[in-house]
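Read left to right, the sequence shown gives residues 3 to 278 (my numbering). For glycine and all other residues, C-beta sits at the position ideal for the given N, C-alpha and C. Predicted model, so just to flag it, every value in this text is computed and none were measured. Worksheet: the structure to be examined is printed underneath.
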Amino acid sequence: MTSLLTQYGTISRRSISALLAAVVSLMLLVSDPSAAMAKPLKIGTSGGPVADIMNFAAERARQQGIEVQVVEFSDWVTPNEALANGDIDTNLFQHLPFLNAAIKGRGYKLTPVAPTYVMPVGLFSNKVTNFDQVPDNAVVAIANDPVNGARGLQLLQKAGLITLKPGVGDAATVLDIVSNAKNLRFRELEAAQLPRALDDVTLGQVSISYLLLSGGNPEKALIADGFGDAHYALQFVVRADRKDDPEIAKFIAIYRSPEVKDYIAKKYGKFFVPVW
3 MTSLLTQYGT ISRRSISALL AAVVSLMLLV SDPSAAMAKP LKIGTSGGPV
53 ADIMNFAAER ARQQGIEVQV VEFSDWVTPN EALANGDIDT NLFQHLPFLN
103 AAIKGRGYKL TPVAPTYVMP VGLFSNKVTN FDQVPDNAVV AIANDPVNGA
153 RGLQLLQKAG LITLKPGVGD AATVLDIVSN AKNLRFRELE AAQLPRALDD
203 VTLGQVSISY LLLSGGNPEK ALIADGFGDA HYALQFVVRA DRKDDPEIAK
253 FIAIYRSPEV KDYIAKKYGK FFVPVW
(Lines of atoms letter the chains of each structure in order from A; the text may use other names.)
(Lines give C-alpha, C1' and ligand atoms only; values in the text may rest on other atoms or scores of the structure.)
Protein backbone atom coordinates (compact mmCIF):
# COMPACT_ATOMS: atom_id res chain seq x y z
CA MET A 3 0.00 0.00 0.00
CA THR A 4 2.79 2.38 0.88
CA SER A 5 4.54 1.77 -2.44
CA LEU A 6 1.26 2.35 -4.27
CA LEU A 7 0.72 5.69 -2.53
CA THR A 8 4.29 6.64 -3.29
CA GLN A 9 3.78 5.77 -6.96
CA TYR A 10 0.64 7.88 -7.25
CA GLY A 11 2.25 10.68 -5.28
CA THR A 12 5.11 10.74 -7.78
CA ILE A 13 2.70 10.88 -10.72
CA SER A 14 0.78 13.70 -9.06
CA ARG A 15 3.93 15.75 -8.46
CA ARG A 16 5.03 15.25 -12.07
CA SER A 17 1.61 16.32 -13.35
CA ILE A 18 1.73 19.47 -11.22
CA SER A 19 5.22 20.26 -12.48
CA ALA A 20 4.11 19.85 -16.11
CA LEU A 21 1.07 22.07 -15.51
CA LEU A 22 3.22 24.78 -13.91
CA ALA A 23 5.62 24.64 -16.85
CA ALA A 24 2.73 25.07 -19.29
CA VAL A 25 1.39 28.06 -17.32
CA VAL A 26 4.82 29.70 -17.32
CA SER A 27 5.16 29.16 -21.07
CA LEU A 28 1.74 30.70 -21.67
CA MET A 29 2.63 33.73 -19.52
CA LEU A 30 5.83 34.24 -21.51
CA LEU A 31 3.90 33.98 -24.77
CA VAL A 32 1.40 36.61 -23.63
CA SER A 33 4.11 38.95 -22.38
CA ASP A 34 6.07 38.57 -25.64
CA PRO A 35 3.64 38.83 -28.59
CA SER A 36 6.46 38.22 -31.05
CA ALA A 37 6.68 34.68 -29.72
CA ALA A 38 3.19 33.95 -31.03
CA MET A 39 2.57 33.30 -34.70
CA ALA A 40 0.94 36.33 -36.30
CA LYS A 41 -2.54 35.81 -37.65
CA PRO A 42 -2.31 35.95 -41.47
CA LEU A 43 -4.11 38.61 -43.47
CA LYS A 44 -6.67 36.70 -45.55
CA ILE A 45 -7.30 38.18 -48.97
CA GLY A 46 -9.96 36.83 -51.31
CA THR A 47 -9.54 37.01 -55.07
CA SER A 48 -10.54 35.34 -58.32
CA GLY A 49 -8.24 32.97 -60.20
CA GLY A 50 -5.92 33.38 -63.16
CA PRO A 51 -3.97 36.63 -63.61
CA VAL A 52 -5.78 38.34 -60.73
CA ALA A 53 -4.55 35.66 -58.34
CA ASP A 54 -1.12 35.64 -59.97
CA ILE A 55 -0.64 39.35 -59.33
CA MET A 56 -1.99 38.97 -55.80
CA ASN A 57 0.46 36.16 -55.03
CA PHE A 58 3.34 38.26 -56.34
CA ALA A 59 2.32 41.13 -54.02
CA ALA A 60 1.79 38.70 -51.12
CA GLU A 61 5.37 37.46 -51.44
CA ARG A 62 6.62 41.06 -51.34
CA ALA A 63 4.53 41.57 -48.19
CA ARG A 64 5.98 38.47 -46.52
CA GLN A 65 9.45 39.84 -47.14
CA GLN A 66 8.36 42.89 -45.14
CA GLY A 67 6.97 40.87 -42.25
CA ILE A 68 3.28 40.71 -43.22
CA GLU A 69 1.94 37.16 -43.44
CA VAL A 70 -0.67 36.92 -46.17
CA GLN A 71 -2.99 34.08 -47.11
CA VAL A 72 -4.43 34.36 -50.62
CA VAL A 73 -7.86 32.70 -50.91
CA GLU A 74 -8.98 32.01 -54.49
CA PHE A 75 -12.67 31.83 -55.39
CA SER A 76 -14.14 30.34 -58.56
CA ASP A 77 -17.20 32.60 -58.72
CA TRP A 78 -18.10 36.26 -58.21
CA VAL A 79 -20.60 35.82 -55.36
CA THR A 80 -18.73 33.95 -52.64
CA PRO A 81 -15.89 36.51 -52.18
CA ASN A 82 -18.32 39.14 -50.91
CA GLU A 83 -20.20 36.60 -48.78
CA ALA A 84 -16.92 35.51 -47.20
CA LEU A 85 -15.90 39.11 -46.57
CA ALA A 86 -19.26 40.07 -45.06
CA ASN A 87 -19.11 37.00 -42.78
CA GLY A 88 -15.59 37.80 -41.59
CA ASP A 89 -13.99 34.73 -43.17
CA ILE A 90 -11.54 36.95 -45.06
CA ASP A 91 -10.17 40.43 -44.32
CA THR A 92 -10.44 42.03 -47.76
CA ASN A 93 -11.04 41.01 -51.35
CA LEU A 94 -9.96 42.11 -54.80
CA PHE A 95 -11.94 40.93 -57.81
CA GLN A 96 -14.65 43.49 -58.60
CA HIS A 97 -15.15 46.98 -59.99
CA LEU A 98 -17.39 49.64 -58.47
CA PRO A 99 -20.51 48.94 -60.57
CA PHE A 100 -20.42 45.28 -59.51
CA LEU A 101 -19.81 46.15 -55.84
CA ASN A 102 -22.62 48.72 -55.79
CA ALA A 103 -25.04 46.19 -57.29
CA ALA A 104 -24.01 43.57 -54.70
CA ILE A 105 -24.50 46.03 -51.85
CA LYS A 106 -27.91 47.05 -53.18
CA GLY A 107 -29.03 43.48 -53.75
CA ARG A 108 -27.72 41.83 -50.57
CA GLY A 109 -27.35 44.65 -48.07
CA TYR A 110 -23.61 44.15 -47.52
CA LYS A 111 -21.85 46.68 -45.31
CA LEU A 112 -18.80 46.77 -47.56
CA THR A 113 -16.77 49.68 -48.87
CA PRO A 114 -14.05 50.14 -51.51
CA VAL A 115 -10.72 51.45 -50.20
CA ALA A 116 -8.33 51.47 -53.18
CA PRO A 117 -8.50 50.98 -56.97
CA THR A 118 -5.85 48.81 -58.61
CA TYR A 119 -6.04 48.17 -62.36
CA VAL A 120 -8.56 47.89 -65.14
CA MET A 121 -9.21 44.45 -66.57
CA PRO A 122 -10.89 44.87 -69.97
CA VAL A 123 -13.76 42.80 -71.30
CA GLY A 124 -13.98 41.96 -74.99
CA LEU A 125 -16.18 40.36 -77.60
CA PHE A 126 -14.56 37.23 -79.04
CA SER A 127 -15.50 34.71 -81.69
CA ASN A 128 -14.24 31.40 -83.02
CA LYS A 129 -16.54 31.72 -86.04
CA VAL A 130 -16.26 35.27 -87.44
CA THR A 131 -13.46 37.80 -87.75
CA ASN A 132 -15.56 40.96 -87.98
CA PHE A 133 -19.05 42.07 -87.05
CA ASP A 134 -20.24 42.20 -90.69
CA GLN A 135 -19.94 38.41 -90.77
CA VAL A 136 -22.35 37.90 -87.88
CA PRO A 137 -25.40 36.13 -89.37
CA ASP A 138 -29.05 36.75 -88.60
CA ASN A 139 -30.34 34.86 -85.54
CA ALA A 140 -26.79 34.37 -84.23
CA VAL A 141 -26.39 33.30 -80.60
CA VAL A 142 -24.41 35.67 -78.38
CA ALA A 143 -23.17 34.76 -74.90
CA ILE A 144 -23.00 37.43 -72.19
CA ALA A 145 -22.38 37.37 -68.45
CA ASN A 146 -25.37 36.39 -66.32
CA ASP A 147 -24.68 38.82 -63.46
CA PRO A 148 -26.55 42.10 -63.97
CA VAL A 149 -23.63 44.54 -64.10
CA ASN A 150 -21.27 42.55 -66.30
CA GLY A 151 -24.16 41.49 -68.50
CA ALA A 152 -24.83 45.20 -69.01
CA ARG A 153 -21.18 45.68 -69.86
CA GLY A 154 -21.49 43.05 -72.58
CA LEU A 155 -24.62 44.66 -73.99
CA GLN A 156 -22.87 48.03 -74.10
CA LEU A 157 -20.03 46.41 -76.08
CA LEU A 158 -22.56 45.01 -78.55
CA GLN A 159 -24.05 48.48 -78.91
CA LYS A 160 -20.57 49.92 -79.45
CA ALA A 161 -20.09 47.29 -82.18
CA GLY A 162 -23.27 48.50 -83.91
CA LEU A 163 -25.18 45.24 -83.44
CA ILE A 164 -27.89 46.46 -81.05
CA THR A 165 -29.26 49.70 -79.62
CA LEU A 166 -30.14 50.13 -75.96
CA LYS A 167 -32.54 52.53 -74.29
CA PRO A 168 -30.76 55.83 -73.67
CA GLY A 169 -29.20 56.19 -70.23
CA VAL A 170 -29.56 52.59 -68.98
CA GLY A 171 -25.78 52.25 -68.55
CA ASP A 172 -24.73 49.69 -65.91
CA ALA A 173 -28.36 48.66 -65.36
CA ALA A 174 -28.91 47.49 -68.96
CA THR A 175 -30.56 44.12 -69.56
CA VAL A 176 -31.75 42.37 -72.72
CA LEU A 177 -35.15 43.92 -72.01
CA ASP A 178 -33.61 47.35 -72.70
CA ILE A 179 -32.71 46.47 -76.30
CA VAL A 180 -34.74 48.71 -78.60
CA SER A 181 -33.08 47.70 -81.88
CA ASN A 182 -31.74 44.27 -82.84
CA ALA A 183 -31.48 44.24 -86.64
CA LYS A 184 -29.88 40.76 -86.83
CA ASN A 185 -32.32 39.28 -84.32
CA LEU A 186 -29.46 38.19 -82.09
CA ARG A 187 -30.35 35.59 -79.47
CA PHE A 188 -28.75 35.82 -76.05
CA ARG A 189 -27.37 33.14 -73.78
CA GLU A 190 -26.53 34.31 -70.26
CA LEU A 191 -23.77 32.33 -68.53
CA GLU A 192 -21.50 32.62 -65.51
CA ALA A 193 -18.45 34.70 -66.39
CA ALA A 194 -16.03 31.81 -65.84
CA GLN A 195 -17.93 29.68 -68.41
CA LEU A 196 -17.87 32.25 -71.20
CA PRO A 197 -14.46 31.32 -72.70
CA ARG A 198 -15.59 27.70 -73.05
CA ALA A 199 -18.81 28.78 -74.74
CA LEU A 200 -17.04 30.34 -77.74
CA ASP A 201 -17.24 27.08 -79.74
CA ASP A 202 -21.02 27.01 -79.30
CA VAL A 203 -21.95 30.63 -80.02
CA THR A 204 -21.15 33.21 -82.69
CA LEU A 205 -20.00 35.89 -80.26
CA GLY A 206 -19.11 35.84 -76.60
CA GLN A 207 -18.37 38.48 -74.02
CA VAL A 208 -15.25 37.36 -72.17
CA SER A 209 -13.21 38.91 -69.37
CA ILE A 210 -9.53 39.10 -70.33
CA SER A 211 -8.67 37.41 -67.02
CA TYR A 212 -10.80 34.35 -67.73
CA LEU A 213 -9.66 34.32 -71.34
CA LEU A 214 -5.99 34.15 -70.30
CA LEU A 215 -6.83 31.49 -67.71
CA SER A 216 -8.36 29.36 -70.47
CA GLY A 217 -5.34 29.82 -72.75
CA GLY A 218 -7.02 32.31 -75.09
CA ASN A 219 -5.36 35.18 -76.94
CA PRO A 220 -6.64 38.64 -75.93
CA GLU A 221 -5.26 40.09 -79.18
CA LYS A 222 -8.13 38.34 -80.97
CA ALA A 223 -10.79 40.56 -79.38
CA LEU A 224 -13.09 42.01 -82.02
CA ILE A 225 -13.73 44.91 -79.65
CA ALA A 226 -12.83 45.59 -76.02
CA ASP A 227 -13.50 48.15 -73.33
CA GLY A 228 -12.07 49.39 -70.08
CA PHE A 229 -8.52 50.32 -71.05
CA GLY A 230 -7.58 52.82 -68.35
CA ASP A 231 -11.24 53.55 -67.49
CA ALA A 232 -11.25 53.87 -63.68
CA HIS A 233 -14.98 53.10 -63.71
CA TYR A 234 -13.97 49.47 -64.26
CA ALA A 235 -10.90 49.38 -62.02
CA LEU A 236 -10.80 46.41 -59.66
CA GLN A 237 -11.08 47.59 -56.06
CA PHE A 238 -9.78 46.42 -52.73
CA VAL A 239 -12.95 46.05 -50.66
CA VAL A 240 -13.32 45.73 -46.88
CA ARG A 241 -16.09 45.63 -44.31
CA ALA A 242 -17.11 49.16 -43.42
CA ASP A 243 -15.86 48.79 -39.85
CA ARG A 244 -12.32 48.03 -41.11
CA LYS A 245 -11.91 50.78 -43.71
CA ASP A 246 -9.10 52.35 -41.66
CA ASP A 247 -7.40 49.10 -40.67
CA PRO A 248 -3.63 49.80 -40.65
CA GLU A 249 -2.61 46.23 -41.52
CA ILE A 250 -4.83 46.19 -44.61
CA ALA A 251 -3.61 49.67 -45.56
CA LYS A 252 0.01 48.53 -45.29
CA PHE A 253 -0.59 45.58 -47.60
CA ILE A 254 -2.42 47.76 -50.13
CA ALA A 255 0.54 50.14 -50.16
CA ILE A 256 2.80 47.20 -50.98
CA TYR A 257 0.39 46.01 -53.66
CA ARG A 258 0.24 49.45 -55.26
CA SER A 259 4.02 49.79 -55.38
CA PRO A 260 6.20 50.45 -58.43
CA GLU A 261 7.51 46.88 -58.16
CA VAL A 262 4.04 45.36 -58.56
CA LYS A 263 3.12 47.83 -61.30
CA ASP A 264 6.27 46.83 -63.18
CA TYR A 265 5.36 43.14 -62.79
CA ILE A 266 1.88 43.78 -64.24
CA ALA A 267 3.28 45.74 -67.19
CA LYS A 268 5.91 43.13 -68.05
CA LYS A 269 3.61 40.11 -67.76
CA TYR A 270 0.25 41.45 -68.99
CA GLY A 271 1.11 44.53 -71.02
CA LYS A 272 -1.74 46.67 -72.27
CA PHE A 273 -4.44 44.27 -71.07
CA PHE A 274 -4.10 45.15 -67.38
CA VAL A 275 -3.84 48.89 -66.87
CA PRO A 276 -2.90 50.14 -63.35
CA VAL A 277 -4.75 53.28 -62.26
CA TRP A 278 -2.56 54.25 -59.32
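Inset, instruction - Give the DSSP-derived three-state secondary structure of K286 in the structure shown. - result: This structure cannot speak to residue 286, because the chain is shown only from 3 to 278.
Inset, instruction - Find out if the Cβ-Cβ distance for the pair G151, V208 is shorter than 8 Å. - result: Here the question's residue 151 lines up with position 149 in the sequence shown. Here the question's residue 208 lines up with position 206 in the sequence shown. Cβ distance not < 8 Å, so G151 and V208 don't count as in contact.
Inset, instruction - Please state whether DSSP places N93 in a helix, a strand or coil. - result: For this step, residue 93 is matched to residue 91 along the sequence shown. The three-state reading of DSSP puts N93 in strand, counting E and B together.
Inset, instruction - Would you check if the region 244 to 261 and the region 112 to 122 touch, i.e. whether three or more CB-CB distances between them fall below 8 Å? - result: These segments touch.
Legend entry - Status (buried if at least 16 other CB within 10 Å, exposed otherwise) for T131: On the sequence shown, residue 131 is found 129 positions in, with the first residue counted as 1. Answer is exposed; the Cβ neighbour count stays below 16.
Legend entry - I164 - DSSP class collapsed to helix/strand/coil: Within the sequence shown, numbered from 1, the residue matching residue 164 stands at position 162. Three-state DSSP puts I164 in coil, outside helix and strand.
Legend entry - Inter-residue spacing [alpha-carbon to alpha-carbon] between I254 and V277: Here residue 254 refers to the residue found at position 252 when the sequence shown is read from its first residue. Here residue 277 refers to the residue found at position 275 when the sequence shown is read from its first residue. If I take the Cα positions, the gap works out to 14 Å.
Legend entry - For G151, three-class secondary structure by DSSP: Working through the sequence shown from its first residue, we reach residue 151 at position 149. G151: helix per DSSP, three-state reduction.
Legend entry - A267 (DSSP reduced to helix, strand or coil): What you label residue 267 is simply residue 265 of the sequence shown in a count that begins at 1. When DSSP states are grouped into helix, strand and coil, A267 belongs to the helix group.
Inset, instruction - Out of I144, E221 and N57, point me to the one whose CA is closest to R187's CA. - result: Along the sequence shown, read from residue 1 onward, the residue named residue 187 stands at position 185. R187 has its Cα closest to that of I144, out of I144, E221 and N57.
Inset, instruction - Could you have a look at F126 and say whether DSSP puts it in helix, strand or coil? - result: Numbered from 1 along the sequence shown, position 124 holds the residue referred to as residue 126. Residue state for F126 is assigned as strand, using DSSP reduced to three classes.
Legend entry - Short Cβ contact (8 Å threshold) for L200 with N128: For the purposes of this step, residue 200 is taken as the residue at position 198 of the sequence shown. For the purposes of this step, residue 128 is taken as the residue at position 126 of the sequence shown. Taking C-beta atoms as the reference points, L200 and N128 count as a pair closer than 8 Å.
Inset, instruction - Report yes if the C-beta distance between T92 and I45 is below 8 Å; otherwise report no. - result: Counting from one through the sequence shown, the residue named residue 92 turns up at place 90. Counting from one through the sequence shown, the residue named residue 45 turns up at place 43. Yes, they are a contact pair.
Legend entry - Contacting residues, own chain, Cβ-Cβ under 7 Å from D103 (five flanking each side not counted): Along the sequence shown, read from residue 1 onward, the residue named residue 103 stands at position 101. This sequence places Ala at residue 103; Asp is not what is there. Here A103 has P148 and V149 as same chain residues with Cβ atoms under 7 Å from its own Cβ, once five neighbours each way along the sequence are excluded.
Legend entry - Euclidean distance between Cα positions of F58 and W78: Here residue 58 refers to the residue found at position 56 when the sequence shown is read from its first residue. Here residue 78 refers to the residue found at position 76 when the sequence shown is read from its first residue. Each residue's alpha carbon lies about 22 Å from the other.
Legend entry - Selected residue, minimal CA-CA separation from V240, among Y234, E249 and G169: Working through the sequence shown from its first residue, we reach residue 240 at position 238. Nearest C-alpha to V240: E249.
Inset, instruction - For F188, write down the residues that DSSP places opposite it in a beta bridge. - result: Numbered from 1 along the sequence shown, position 186 holds the residue referred to as residue 188. In DSSP, F188 forms a bridge with V142.
Legend entry - A174 versus Q71 - alpha carbon distance: Position 172 of the sequence shown, counting from 1, holds the residue named residue 174. Position 69 of the sequence shown, counting from 1, holds the residue named residue 71. Spanning the two alpha carbons is a distance of roughly 36 Å.
Inset, instruction - Output the boundary residues of the alpha helix (DSSP H) element that contains L214. - result: Sequence index remark: in the sequence shown, residue 214 carries index 212 (1-based). Where L214 is concerned, the enclosing alpha helix (DSSP H) stretches over I210 to L215.
Inset, instruction - Verify whether the separation of the beta carbon atoms of S216 and R189 is less than 8 Å. - result: The residue labelled residue 216 in the question sits at position 214 within the sequence shown. The residue labelled residue 189 in the question sits at position 187 within the sequence shown. No, the Cβ-Cβ distance between S216 and R189 is not below 8 Å.
Legend entry - G169 - DSSP class collapsed to helix/strand/coil: Taking the sequence shown and counting its residues from 1, one reaches residue 169 at position 167. If DSSP states are grouped into helix, strand and coil, G169 belongs with coil.
Legend entry - Same chain only: Cβ atoms within 6 Å of F238, ignoring 5 sequence neighbours per side: One-based indexing of the sequence shown puts residue 238 at position 236. Taking F238 as the centre and dropping the five residues before and after it, the same chain places the C-beta of T92, L94, V115, A116 and I254 closer than 6 Å to its C-beta, in chain order.
Inset, instruction - For P220, name the three-state secondary structure that DSSP assigns. - result: For the purposes of this step, residue 220 is taken as residue 218 along the sequence shown, with counting starting at 1. Collapsing the DSSP output to three states places P220 in a helix.
Inset, instruction - Check whether the Cβ atoms of I210 and K160 lie closer than 8 Å to each other. - result: Residue numbering aside, residue 210 sits at position 208 when the sequence shown is read from its first letter. Residue numbering aside, residue 160 sits at position 158 when the sequence shown is read from its first letter. No, Cβ-Cβ distance for I210 and K160 is not below 8 Å.
Inset, instruction - Run the CB neighbour count on G206, radius 10 Å, all protein chains shown included, and call it buried at 16 or more, exposed below. - result: Looking up residue 206 in the sequence shown gives position 204. Counting Cβ neighbours within 10 Å, G206 comes out buried, since at least 16 surround it.
Legend entry - Element boundaries [beta strand (DSSP E), containing E74]: Here residue 74 corresponds to residue number 72 of the sequence shown, with the count starting at 1. DSSP places E74 inside the beta strand (DSSP E), whose first and last residues are V70 to F75.
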